[in-house]
Amino acid sequence: MRAERDAEKCYMAEYMTQHIGEEYDGIISGTTARGIFVELANGVEGFVNLEYFPECRFHFDGLTTHTDEISGRQLTIGGALRIQVAAADVATGMIDFVPAEKG
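The opening residue of the sequence shown carries number 554 in the working numbering; numbering runs sequentially from there.
Rendered as structure tokens:
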């Protein structure tokens, strides 16, 4: 089952290599201390590192939410986020997104 899941991630990464630079609306599907996972409508999931929010100072609650100590903005599971596809590694199945926000 794990091999099947890993293969699916690689196929999704291969698909996304054709869409690098494109923007999409997604839903935050997971959180870690380093960033958030965002799922697109087509089922593709990628990672957004918090370093791509340079004007923010996020505090992680350890479960579901990053809160910016400056603005109060929250990145929480189920929240919407517009992203841009930054990279996709077919060998590992990893897909990287960056926020598509301007300014």
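All C-beta atoms, glycine included, are put in the ideal place defined by N, C-alpha and C.
Since we're looking at a predicted model, the values are computed, not measured.
Would you mind sorting Gly579 into buried or exposed? The rule is 16 or more other CB atoms within 10 Å of its CB. buried
Endpoints, beta strand (DSSP E) assigned at Ala641: 633 to 642 is the span of the beta strand (DSSP E), which, as asked, contains Ala641.
Considering only the alpha carbon of each residue, which of Glu575, Met647, Lys562, Arg558 lies closest to Ala653? Glu575
For Asp649, count neighbouring C-beta atoms within 10 Å of its own C-beta (all shown protein chains included) and say buried if the count is 16 or more, exposed if not. buried
Excluding the 5 residues flanking Arg635 on each side, which residues of the same chain have their C-beta closer than 8 Å to its C-beta? Glu576, Tyr577, Asp578, Gly579, Pro652, Ala653, Glu654
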